[in-house]
Amino acid sequence: MHARDILSRPVVTVQPQMPLRSAVALLTAHGYAALPVVDDDDRVVGLLSESAALAASSHLETALVEAVMTVPVEVVNPGTDTSTIASRMLAGGLRSMPVVEAGVLVGIVARRDLLRALIRDDTTVEAKIRALLDEYAGSRRQWEIDSIDGEVTIRGIFADDSEERIVATLARTVDGVHGVETSDTGALRHR
Numbered sequence: 281m282h283a284r285d286i287l288s289r290p291v292v293t294v295q296p297q298m299p300l301r302s303a304v305a306l307l308t309a310h311g312y313a314a315l316p317v318v319d320d321d322d323r324v325v326g327l328l329s330e331s332a333a334l335a336a337s338s339h340l341e342t343a344l345v346e347a348v349m350t351v352p353v354e355v356v357n358p359g360t361d362t363s364t365i366a367s368r369m370l371a372g373g374l375r376s377m378p379v380v381e382a383g384v385l386v387g388i389v390a391r392r393d394l395l396r397a398l399i400r401d402d403t404t405v406e407a408k409i410r411a412l413l414d415e416y417a418g419s420r421r422q423w424e425i426d427s428i429d430g431e432v433t434i435r436g437i438f439a440d441d442s443e444e445r446i447v448a449t450l451a452r453t454v455d456g457v458h459g460v461e462t463s464d465t466g467a468l469r470h471r
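So the mapping is simple: the working numbering equals the position in the sequence shown, first residue as 1, plus 280.
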């Protein structure tokens, strides 16, 4: 798995000339550990972390982001392996890393993104499919969903062949699904 598979976007960013008070408001409103600082061309020039903002709290009214941002910034590219990202985060005590391509910010990877990737297991796949099917069927829990290593089986009552195909197609849209098999358990199709 790579950064491109787990990164978050769009990314909330700040600019170097932004008042620190405004940047801290963004940081806290969104619950982020850090915000990338970008120039006018969306190139990462720094990182505003919670700890840097907290250390500058006595100058909150007068300071600009550029006065407290961390430079240089550790960045990764979309093809960076997640194990490399995790190692770099742990070694550097980082809570997030901007993802850049050709020098331009394209996303961010936070520790929670890495953790989410670790638990992207069959239970997660089943829950995502169940949510899609609940939305499709109006919360009529009429199907059982099982996933083993991305191979999904959906059992239940389908109104007709068309609905069976729709349900299978919806399930295939979920990340981590490699194959879908359906099984109509109804004795008679509803007409």
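We put the CB at the ideal spot given by N, CA and C, even for glycine.
Legend entry - Where Ile428 falls, given that 16 or more other Cβ within 10 Å makes a residue buried: Here residue 428 refers to the residue found at position 148 of the sequence shown. Ile428 is exposed by the Cβ-count criterion.
Legend entry - Among Leu334, Asp320, Ser338 and Ala390, the one whose alpha carbon lies nearest that of Glu354: If you number the sequence shown from 1, residue 354 lands on position 74. Of Leu334, Asp320, Ser338 and Ala390, the residue nearest in Cα terms is Ala390.
Inset, instruction - State the DSSP-derived secondary structure class of Ala343, mapped to helix, strand or coil. - result: Counting from one through the sequence shown, the residue named residue 343 turns up at place 63. Of the three classes helix, strand and coil, the one that applies to Ala343 here is coil, per DSSP.
Inset, instruction - Go ahead and pull the three-state DSSP assignment for Leu287. - result: Along the sequence shown, read from residue 1 onward, the residue named residue 287 stands at position 7. In the three-state DSSP reduction, Leu287 falls in the coil class, being neither helix nor strand.
Legend entry - Bounding residues of the beta strand (DSSP E) (the contiguous stretch that carries Ile425): Residue mapping note: residue 425 aligns to position 145 of the sequence shown, counting from 1. That run of the beta strand (DSSP E) goes Trp423 to Ile428.
Inset, instruction - Would you mind listing the beta strand (DSSP E) stretches within the region 319-363 that are 3+ residues and don't spill past its ends, in chain order? - result: List check, beta strand (DSSP E) in window: 324-329.
Inset, instruction - Please work out which residues of its chain come closer than 7 Å, Cβ to Cβ, to Val291, disregarding the five sequence neighbours upstream and downstream, and give them in chain order. - result: By one-based count along the sequence shown, residue 291 stands at place 11. If we look at Val291 and ignore the five residues flanking it on each side, its Cβ neighbours are Pro316, Leu385, Gly387 and Ile388.
Inset, instruction - Given a cut-off of 8 Å, decide if Arg375 and Ala313 are closer than it, judged by their beta-carbon atoms. - result: For the purposes of this step, residue 313 is taken as residue 33 along the sequence shown, with counting starting at 1. For the purposes of this step, residue 375 is taken as residue 95 along the sequence shown, with counting starting at 1. Yes, the Cβ-Cβ distance between Ala313 and Arg375 is below 8 Å.
Inset, instruction - Starting from Leu374, trace the alpha helix (DSSP H) both ways and give me its first and last residue. - result: One-based indexing of the sequence shown puts residue 374 at position 94. Where Leu374 is concerned, there is no enclosing alpha helix (DSSP H), given that its DSSP letter is neither H nor E.
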